[in-house]
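Trainee: In order, the protein sequence lines correspond to chains A and B. Sequential numbering from 1 applies to the first sequence in my numbering. Sequential numbering from 211 applies to the second sequence in my numbering. Where is the CB? At the ideal position from N, CA and C, for every residue including glycine. Right, I'll just put the structure down here and ask away after.
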Amino acid sequence: MKSIFTAIAFGVILSSSYAFPVALQGKAVYAAEVNEKQVMAFISEMANDGLSFLSNKELTTEQKKARFKKMLDTSFDIKTIARFALGLHWKSASEKEKTEYVGLFEKMVIDVYSRRFSEYNGQEFEVIGAQKRGKKDFVVTSSILPPEGEKGPDVRVDWRVRNRNGDLRVIDIIVEGISMGQTQRSDFAAVIQKGQGEVEYLLAELRKNN
Amino acid sequence: MAILGGIKSILSRSHRFVTKSILLGFSVIALSACASQDKSMTGGIADPFEDMNRAVFAFNEAADAVILKPIAEGYRFVVPSPARKGVRNALRNLKSPVLLGNELLQGDVDGALKVMTRAMVNSLIGVGGLFDVAGYEGIEYEEEDFGQTLAVWGVGHGPYVVAPLMGPGSFRDYTGKMVDTVVDPLYWWLTNTEQEEWLLARTGTQIVSTREELLDVLAELKMSAIDYYATMRSVYVQNRAALVADQKKNDAFLQDIPDYDDDY
């Protein structure tokens, strides 16, 4: 009897913490076990959503920014990305610093990418394949193709997607072999080193952009 | 017959020089193994000369801003995109002998066949390499050099080096560059026939063409980085790792990201 109760309680907790918020955000809900095809569909849907607001000429930059932020919140694991970028310094940061850091990090990501919104002129997106990496991760390979009728090199973009019980989230983007996470991590490590190992020094740098 | 004789004489003359440079290269790499440092904080490469590297990097940045970048921008402004692509294709085609050698040394028979097919198709149908006909047919260009070959053989980067006017590199990769230069048949032919000015012209064109290609990427990188030097160092190491893994084929070079589920 007790075990049934536990199982139900467990199920309720699981579904409330994972499925419901996700469903409310309008993202597809997956079973805990996902396959390569589903992860490819996840990236493809997200990218198409992204392209649809990027190419919508009626939206202002501010509106596009808001859409982008929503996409980050639903389809990316900003906390994991931010934490990876901080590297070993995460452990030495105080709770207050961590909270402020994650906020500043997300803002920085939005700023960096929204600067590039205007560069979009009809490039197309194509998901090529996916491979499982480790227990929870998939790497989805995709190509950004030049606008129709124009010639130019394809840009290879790999997405590292982590599956937490069916909640799929992007945790790294790799452009032509360059991981955004690794690059950010090296940048931050150098900044903190210059600040004698103080995370506060990095926070001060990040605040400057606000 | 005359051609064969010519190649033979070039080979025998180049032989001693090449052996010497390769030996020099290896001793440099062996030395570099002694320099140890915590690489996790410096983007995956040892950087024992960081202070000097940063100074040279700043110098390169300044020189780039007043000389190279304006030239590259002018080149982009004046020369239309298809022509710039033609230049890039021709330069790549000229590299074919070096590419072939490196593919073979890496034991990549498939890659070697691709290089040969590309060189033949592009030289003949692609008007001396101006058009990348083979690439259009799906046999795409792959960057190879002796630095990558050394990596395939298991040689590590050694220390990170920013060379004046030449930019980021490592002991291993600069050694590779040296070897690639001196084994290039084109280099030998042009030096032997006293047409060195063509070597200079080729190098100059290569530099401007590459810089033009990187105009947007580097501008973006510089704008979003807090510490541009550290960012470039990381990008250099990652780019080389991807090239060594021939990234079009596999993603083994990707580093994992820990699972932080347990202790948020």
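Within the 8 Å Cβ cut-off, does B/Gly-339 reach chain A?
Mentor: Position 129 of the second sequence, counting from 1, holds the residue named residue 339 of chain B. It does not: the Cβ of B/Gly-339 has no partner Cβ on chain A nearer than 8 Å.
Trainee: Establish whether the CB of A/Gln-182 and some CB of chain B are separated by less than 8 Å.
Mentor: Residue 182 of chain A sits at position 182 when you count from the first residue of the first sequence. Answer yes: the Cβ-Cβ gap between A/Gln-182 and chain B drops below 8 Å somewhere.
Trainee: Taking the beta strand (DSSP E) that B/Gly-377 falls in, what are its first and last residues?
Mentor: Looking up residue 377 of chain B in the second sequence gives position 167. From DSSP, the beta strand (DSSP E) with B/Gly-377 extends over 377-380.
Trainee: For B/Gln-448, return the contacting residues in chain A, with the cut-off set at a CB-CB distance below 8 Å.
Mentor: Stepping through the second sequence from its first residue, residue 448 of chain B is reached at position 238. The answer, in chain order, is Gly-177, Ile-178, Ser-179, Gln-182, Thr-183.
Trainee: Identify each residue in the segment 127-144 of chain A for which the Cβ-Cβ distance to at least one residue of chain B is less than 9 Å, and report them in chain order.
Mentor: Listed by position, the residues of the segment 127-144 of chain A near chain B (Cβ gap below 9 Å) are Gln-131, Arg-133, Gly-134, Lys-135, Lys-136, Asp-137, Val-139, Thr-141.
Trainee: Taking Cβ-Cβ distances shorter than 9 Å, what residues in chain B pair up with A/Phe-84?
Mentor: Here the question's residue 84 of chain A lines up with position 84 in the first sequence. Chain B residues near A/Phe-84: Ile-467, Pro-468, Tyr-470.
Trainee: Give the residues of chain B in contact with A/Glu-205, contact being defined as C-beta atoms less than 7 Å apart.
Mentor: Locating residue 205 of chain A in the first sequence gives position 205, where the first residue counts as 1. Neighbours of A/Glu-205 on chain B, chain order: Ile-436.
Trainee: Based on DSSP bridge pairs, tell me the residues matched to B/Gly-364.
Mentor: In the second sequence, counting from the first residue as 1, residue 364 of chain B sits at position 154. Bridge partners of B/Gly-364: none, in fact.
Trainee: What did DSSP end up calling A/Ser-143 once you bin it into helix, strand or coil?
Mentor: Translated into positions along the first sequence, residue 143 of chain A becomes position 143. If DSSP states are grouped into helix, strand and coil, A/Ser-143 belongs with the strands.
Trainee: Restricting to Cα atoms, I'd like to know which of A/Leu-86, A/Ala-41, A/Lys-37 is closest to B/Tyr-470.
Mentor: Translated into positions along the second sequence, residue 470 of chain B becomes position 260. The option with the nearest alpha carbon to B/Tyr-470 is A/Leu-86.
Trainee: Can you find the residues in the same chain that come closer than 7 Å, C-beta to C-beta, to B/Ala-344, ignoring five residues on each side of it along the sequence?
Mentor: Residue 344 of chain B sits at position 134 when you count from the first residue of the second sequence. Cβ neighbours of B/Ala-344 beyond the five flanking positions: Thr-327, Arg-328, Val-331, Asn-332.
Trainee: Return the residue from the list A/Gly-103, A/Ile-173, A/Arg-156, A/Ile-144 that minimises the CA-CA distance to A/Asp-137.
Mentor: Here residue 137 of chain A corresponds to residue number 137 of the first sequence, with the count starting at 1. Here the closest residue by C-alpha is A/Ile-173.
Trainee: With which residues is B/Ala-201 paired in a DSSP beta bridge?
Mentor: Only positions 211 to 474 of chain B appear in the structure, and residue 201 of chain B is not among them; the question remains open.
Trainee: Can you tell me the Cα-Cα spacing of A/Ile-192 and A/Lys-91, whole angstroms?
Mentor: As a position in the first sequence, residue 192 of chain A is number 192, starting the count at 1. As a position in the first sequence, residue 91 of chain A is number 91, starting the count at 1. Going by the C-alpha atoms only, they are around 13 Å apart.
Trainee: So A/Asp-187 and B/Ile-436 are supposed to be a Cβ contact under 8 Å. How far apart are they, rounded?
Mentor: The residue labelled residue 187 of chain A in the question sits at position 187 within the first sequence. The residue labelled residue 436 of chain B in the question sits at position 226 within the second sequence. With 8 Å as the limit, A/Asp-187 and B/Ile-436 qualify as a contact, their Cβ atoms being about 6 Å apart.
Trainee: Please list the segments of the alpha helix (DSSP H) lying wholly inside the segment 21-105 of chain A, counting only runs of 4 or more residues, in order along the chain.
Mentor: Counting only runs of 4 or more, we get 36-54, 61-75, 78-86, 89-92.
Trainee: Please tell me whether A/Ile-43 and A/Val-175 are closer than 8 Å, where the distance is taken between their beta carbons.
Mentor: The count along the first sequence starts at 1 and reaches residue 43 of chain A at position 43. The count along the first sequence starts at 1 and reaches residue 175 of chain A at position 175. Not in contact: A/Ile-43 and A/Val-175 (Cβ atoms no closer than 8 Å).
Trainee: How would you write the range of the beta strand (DSSP E) that A/Lys-132 sits in, first residue to last?
Mentor: Residue 132 of chain A sits at position 132 when you count from the first residue of the first sequence. Taken as a continuous stretch (DSSP letters only), the beta strand (DSSP E) holding A/Lys-132 covers 124-133.
Trainee: Would you give the residue range spanned by the alpha helix (DSSP H) that A/Tyr-201 belongs to?
Mentor: By one-based count along the first sequence, residue 201 of chain A stands at place 201. Start and end: 199-208.
Trainee: To the nearest angstrom, how far is the alpha carbon of B/Val-418 from that of A/Glu-45?
Mentor: For the purposes of this step, residue 418 of chain B is identified with residue 208 of the second sequence, where counting begins at 1. For the purposes of this step, residue 45 of chain A is identified with residue 45 of the first sequence, where counting begins at 1. Whole-angstrom Cα-Cα distance: 40 Å.
Trainee: Would you identify the three-state DSSP class for A/Asn-165, choosing helix, strand or coil?
Mentor: Residue 165 of chain A sits at position 165 when you count from the first residue of the first sequence. Reduced to three states, the DSSP call for A/Asn-165 is coil.
Trainee: Using 8 Å as the threshold, is the C-beta distance between B/Met-433 and B/Pro-378 below it?
Mentor: By one-based count along the second sequence, residue 433 of chain B stands at place 223. By one-based count along the second sequence, residue 378 of chain B stands at place 168. Against a cut-off of 8 Å, the Cβ pair of B/Pro-378 and B/Met-433 comes out as no contact.
Trainee: Which residues bound the alpha helix (DSSP H) around B/Val-288?
Mentor: Counting from 1 along the second sequence, the entry for residue 288 of chain B is found at position 78. From DSSP, the alpha helix (DSSP H) with B/Val-288 extends over 279-288.
Trainee: Taking only the alpha-carbon atoms, compute the straight-line gap between B/Ile-281 and A/Lys-69 and give it to the nearest angstrom.
Mentor: For the purposes of this step, residue 281 of chain B is taken as the residue at position 71 of the second sequence. For the purposes of this step, residue 69 of chain A is taken as the residue at position 69 of the first sequence. Their Cα atoms are separated by approximately 38 Å.
Trainee: For B/Leu-396 and B/Pro-307, which I take to be in contact (beta-carbon distance under 8 Å), what is that distance rounded to the nearest angstrom?
Mentor: Along the second sequence, read from residue 1 onward, the residue named residue 396 of chain B stands at position 186. Along the second sequence, read from residue 1 onward, the residue named residue 307 of chain B stands at position 97. That pair is a contact at about 7 Å.
Trainee: By the 9 Å beta-carbon criterion, what residues does the segment 155-166 of chain A contribute toward chain B?
Mentor: So the list reads Arg-156, Asp-158, Arg-160, Arg-162, Arg-164, given in the order they occur along the chain.
Trainee: I want to verify the contact list: residues of chain A whose CB lies under 8 Å from the CB of B/Ala-440, in sequence order.
Mentor: Along the second sequence, one-based indexing puts residue 440 of chain B at 230. The contacting residues are Ser-186, Asp-187, Ala-189, Ala-190, Val-191.
Trainee: Pull up the distance between the alpha-carbon of B/Asp-456 and that of A/Lys-96, whole angstroms please.
Mentor: For this step, residue 456 of chain B is matched to residue 246 along the second sequence. For this step, residue 96 of chain A is matched to residue 96 along the first sequence. Cα-Cα distance, rounded: 43 Å.
Trainee: In whole angstroms, what separates the C-alpha of A/Pro-147 from that of A/Ser-52?
Mentor: Looking up residue 147 of chain A in the first sequence gives position 147. Looking up residue 52 of chain A in the first sequence gives position 52. Computed Cα separation, rounded: 14 Å.
Trainee: Using the beta-carbon of each residue, which ones in chain A are nearer than 9 Å to B/Arg-443?
Mentor: By one-based count along the second sequence, residue 443 of chain B stands at place 233. Ser-186, Ala-190, listed in chain order.
Trainee: Can you tell me the Cα-Cα spacing of B/Pro-369 and A/Glu-33, whole angstroms?
Mentor: Along the second sequence, read from residue 1 onward, the residue named residue 369 of chain B stands at position 159. Along the first sequence, read from residue 1 onward, the residue named residue 33 of chain A stands at position 33. C-alpha separation (whole angstroms): 44 Å.
Trainee: Could you tell me the boundaries of the beta strand (DSSP E) in which B/Tyr-370 lies?
Mentor: For the purposes of this step, residue 370 of chain B is taken as the residue at position 160 of the second sequence. Per DSSP, B/Tyr-370 belongs to the beta strand (DSSP E) from 370-373.
Trainee: How about B/Ser-387 and B/Gly-357: do their beta carbons lie closer than 8 Å?
Mentor: Taking the first residue of the second sequence as position 1, residue 387 of chain B is located at position 177. Taking the first residue of the second sequence as position 1, residue 357 of chain B is located at position 147. The residue asked about is misnamed: residue 387 of chain B is Lys in this sequence, not Ser. In this structure, B/Gly-357 lies closer than 8 Å to B/Lys-387 by Cβ.
Trainee: Take B/Arg-302 as the anchor and find which of B/Leu-464, B/Asp-466, B/Asp-390, B/Glu-353 has the nearest alpha-carbon.
Mentor: If you number the second sequence from 1, residue 302 of chain B lands on position 92. It is B/Glu-353 whose Cα lies nearest to the Cα of B/Arg-302.
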